[in-house]
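Peer 1: Shown below is the structure under consideration.
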Amino acid sequence: MLEYVGLIIQLVLFVLVLLWIRQDVQEKEMETKIYWIWTLAAFAGLLFLGIPGLAIVTLSYYFWSRHIR
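Per this note's numbering: the sequence shown = residues 1365 to 1433.
This is the structure:
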């Protein structure tokens, strides 16, 4: 059971990042295409690098979205 704790943490962080990106995209009235692109990037980051990859994509989205504003 203990070996699944890391996977559960990754899943929870992934869902939180997706919810945050979705809320930000809707707030700024951007296209849903932007949401799906960042969703795929977050999934790829999580798949290839784990939590550090998800953090890199999240920070990239944060700086990109502040620049778009």
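Just so it is clear, CB atoms sit at the ideal spot from N, CA and C, and this is done for glycine as well.
What you are looking at is a predicted structure, and each value in this text was computed from that prediction instead of being measured.
Express the C-alpha separation of Ala1419 and Phe1412 in angstroms, rounding to a whole number.
Peer 2: Rounded to whole angstroms, Phe1412 to Ala1419 spans 12 Å at the Cα level.
Peer 1: Within 10 angstroms of its Cβ, does Trp1384 collect 16 or more other Cβ (buried), or is it exposed?
Peer 2: Exposed, by the Cβ-count rule.
Peer 1: Cα-Cα, which of Lys1392, Val1369, Val1381 is closest to Leu1404?
Peer 2: The shortest C-alpha separation from Leu1404 is found at Val1381.
Peer 1: For Trp1402, which of Thr1422, Glu1391, Gln1390 has the nearest alpha-carbon?
Peer 2: Considering only alpha carbons, the answer is Thr1422.
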